Structure formats: structure tokens, C-alpha cells
């Protein structure tokens, strides 16, 4: 591998890691610790990472077949046709809005922990409005900046965890928490929740700079990102358990701030708050921008009313799509903060991600049958039966997470999202036709 | 001159003749490389001062390069306005190696030029 390729690979791995690295992940870890306060969490993260890594091999093969294509929409359309692809694309876009809601909730919690005296819904709404305004101005984080930020973040978070683990018994009088008798029941649901920690690693697939990038660089950047995230979150959990061996009465939705405070008092608190905001920068804006570009592309394709593809010229900013995604995210943020439904929303996002990866693994298998002649610069080395088993595993995880969720509104949110996606994907033509009719009549 | 070359020449001429393109292309100066995936054909043009240059050879060291790659028949349809490039891209028929902003800019050119 030449230096140029190595730099490119680091960029892709950093983008993939940065897209998944978010402060809401720490809120989810805190909730995982409420279910099982022990090292089982690290095992669940490891399982989730392994399954995601195996799915990444299928995603890589698909990305090589359709380089630069907007992922899920193209892959599923080729494998299963327009209707199914459209439905899952809208569910996926809805999931991004849910994650935005959870992320803004976590941001509001950080701001509150720092003593900012505004109500959480206001803080969350302010965050969403700021990001939408930035997007409408066309301000995006350059990929180079994102790479540097991610490297700094991973090093800093891992460094803090190692520092905590190195404190030993002088500060920590007890040993690491033990595994509870409920571990067998808890492991599947914890693994389902841990999938949330890896959401977004696949967003690197449309970003290849050259056709050759899809042979090795893009395919291996995703497993690399998953390994980095596993180390980061795994060490964090172990560090947290090490310095707080028993259930901490002050366990919050921002455990990273708690860890920082225990280690370095106020300095640690501010340091972790600063790192958390940086982590948000690597994923939040890019996630919303990516979703709005996907919505714009679907509208340009003619599957949504034309106004959804409105551009502000000459900067070419898809403002209608940004406003739609922004409005949805704002509702999600208010829902999360007003009703404290962030966990239910995070679990729904994890379920949708499991179903999406399931669909992608199956899409890859199906495309091998219906488009065998298509060039595949990267081929998933796993036997078909193993790939099929991975798909079954994703289905089982999704169902278990849905069924065993203690939060009452998980199923409700999930059903609401699916229904909304069905309505949007089925009725778009009717709406388009009506608008077209009105326009024609005016002319 | 083959079909693709002819369509690209016409495309460049049409874009340069359209006054509305000046503001759209302002401040955007990439090298656009067009590659036919089913033949060895490759063409390139630059955007300079809101105008497209004539076809030439590509420069590997150019700091801002966009690569468009597809079968020759797809490229022909895209560059004569018969095929919506956004649809071709979503269908996996047209690969666009560039930033999101580049993709939307190229899409806007086709929208203004042909209304598709």
C-alpha cells in the first residue's frame, strides 16, 4: 500500500468511525448499565461489533458493485425493486431523525450538567435549529477536518479510559462488578442495544474518491472503524466499572462526564464535555446533511413531490430537503426531551438498523443470483450459508429488542414510523399528480 | 468524432451559451473526467471562471477532480439530456466520484439546461 493509499484509507476509516461516534452512544451505554451493571456490557458490545463487521463485508461487496451510489436506496432497488427500496429508505431517513432527537437529548443533558439554566427541550431545539441554519448556509465539516477530529477523539477517549483503568486500588477500593444471574436473558437485549453504538459506519460507502477505492480501501475501512469503536466503547465501559464498582447513585445519561469528574474533578468534567461536543460535530451535522441529500436524490428521481428537490442557487443547497429533515428532527428532539423517550427512540433506531443490515445482507445474496455478471471488485469471503445465518441473527436481534423492550412506547414508535413511511412511499405519486395538475391548470 | 465526443462538445457549448450558468458555476472550478466503463474512452474538461473548457486530457494531480463513469450509452443519454442523471446515479448506472456538493452542482446543471 502506497503512502497515498494509506492516507486515503485513514480518511475513510476516520469518516466511518466519526459517523458512528456520537454522544447519544454514551447515553445508551448508561442505559445498558442500568439493565446489567457489569462486564457483560463489554461482551454485548463485542458481539454487536462482530455481527456488524460481518454485515460490513456484504455492504462492501454491494458498494463495489455500485460505487458512489447512495447506499441503501440503490442496493435495495436493484435487489428487491422500487417499492421495497423506497419504503426502507424512508424508514431509514426517519431513523436518522430519531437519532438526531436522541443526540440532541444527550446534548441537552451535557449542557444541563454544566449548569446551563435553560430547559432541556429549549436546549435540544436550539441545537437542531443551529444545525439546520448551518446546513442552509452550506457550512459542512471538510473531510480532512473530520479525519483529524476523529483521530483526536478516539485517542482522547481511549486515553481517558486507560488512565482510569490504571488508577488501581488506591482510588478504587473494590473489584469490577460481577455478572448477574440474569445475564442469559440480558445478553440478547444488550447486544441489540449495542447495535446503536455502530449506527452510521456504512455511510462511508458513497464517499470513495476513485473507482479503485472500492477494491480494498472502502471495504476494509468499515471493519477498521468497528474495531476502533469497539476498543473505545469497551475500554470506556471497563473504566467506568473500574472506578465505580457498585451502581453509582449519580449515574446519569452522560456517564462520560461522570467519569471525567471522578478522575479529574471539574477539569475532567469540562474536558469530557468538550470531547462530547467534538464527537457530536463528527456525526450530527454530517448525518442530517446525508439524510437531506438522500431525500433530495429521491425527490429528483421523481419519487417525491418536485418541491422536495428545491435548490437554492447558485450555492446548490437542497433547502426543502434540509427543512423537512430539520423539522422531523426537531419533533424527535422535543419528543425525546419532553417525554424522556430517548431510550425508546434509541432502541427503535437499533431495531431499524438491524432490519436494514438484514436487508443489505439479503440484497447481496440475491444480487449474486440476479446479477451474477456484474463486476465485484470486492467479494464477501463468507460462505452463503454463513451470510444467511447473519441475516437470521439480525432478524432475531431486532425482534428480541422489540419484544423485550421495557419501554412501553418502543413498539408504538416503531409502528408509527413504518406507517408513516408506507404513507409517504405509497401516496407520493398522488401528491405529485395533484401538484402537477394544479401547476398545469395555472399555466 | 464519435457520439460521446459529439454530445460532450454540444453539452459544453450549450452550458457556455446559457447566461444563467454563469452564476451557477461561479466559484466552482473542478476538473471533470468522463470515463466510459465499457471502452477505453476518457474525456476531461475544466470549469474556469464559470465557463467549461474544451475537451482535453485529464491531469492526475489536479486538486479538485470529479470522475463520472458509466457505460457509453448511458453517458450519451446523460450528456444529451435524455436521461435524468440523478435517476441514473440512484439506479447504479452512473458513478459519480466527487463530494456531495459536486453531485448536486452537476445535477443542477442538468436541471437548468434540460429541465429534467
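Protein chains in written order, with my numbering: chain A, 1 to 443; chain B, 444 to 559.
Glycine included, each C-beta is placed from N, C-alpha and C at the ideal position.
These figures come from a predicted structure and were not determined experimentally.
The secondary-structure analysis by DSSP pairs residue 352 of chain A with nothing; it has no beta-bridge partner.
In the DSSP annotation of this structure, the continuous segment of the beta strand (DSSP E) that includes residue 513 of chain B starts and ends at 508-513.
Residue environment for residue 327 of chain A: exposed (fewer than 16 other C-beta atoms within 10 angstroms of its C-beta). Within chain A, no residue has its CB atom less than 9 Å from the CB of residue 507 of chain B, the nearest being about 11 Å off. Proximity of residue 540 of chain B to chain A, defined by a Cβ-Cβ separation below 7 Å, is satisfied. Where residue 538 of chain B is concerned, the enclosing beta strand (DSSP E) starts and stops at 537-540.
At a cut-off of 7 Å between C-beta atoms, residue 467 of chain B counts as an interface residue with respect to chain A. Sorting A:400, A:64, A:398, A:52 by C-alpha distance to the C-alpha of residue 210 of chain A places A:64 at the top. Residue 283 of chain A is not a Cβ neighbour of residue 3 of chain A, given a cutoff of 7 Å.
Here residue 360 of chain A is buried: its Cβ has 16 or more other Cβ atoms, across all protein chains shown, within 10 Å. Within the region 44-58 of chain A, no residue has its Cβ closer than 8 Å to any Cβ of chain B. Assigned with DSSP and collapsed to three states, residue 371 of chain A falls in coil, not helix or strand. Interface with chain A (7 Å Cβ-Cβ cutoff): residue 481 of chain B is excluded.
Proximity of chain A to residue 532 of chain B at the Cβ level (cut-off 7 Å) is accounted for by 69, in chain order.
Proximity of residue 137 of chain A to chain B, defined by a Cβ-Cβ separation below 7 Å, is not satisfied. Note on residue 425 of chain A: 16 or more other CB atoms within 10 angstroms of its CB, so buried under the neighbour-count rule. Assigned with DSSP and collapsed to three states, residue 361 of chain A falls in helix. A buried status is given to residue 203 of chain A, since no fewer than 16 other beta-carbon atoms sit within 10 Å of its beta-carbon. Identification of chain B residues near residue 74 of chain A by a Cβ-Cβ cut-off of 9 Å yields 532, 533, 534, 535, ordered along the chain. Contact annotation: residue 559 of chain B and residue 527 of chain B have beta-carbon atoms nearer than 7 Å. The DSSP-derived three-state label of residue 519 of chain B is helix. With the rule of 3 Cβ pairs closer than 8 Å, the region 36-49 of chain A counts as touching the region 223-231 of chain A.
For residue 513 of chain B, not one C-beta of chain A is nearer than 7 Å to its own C-beta. The C-beta of residue 142 of chain A comes no closer than 7 Å to any C-beta of chain B.
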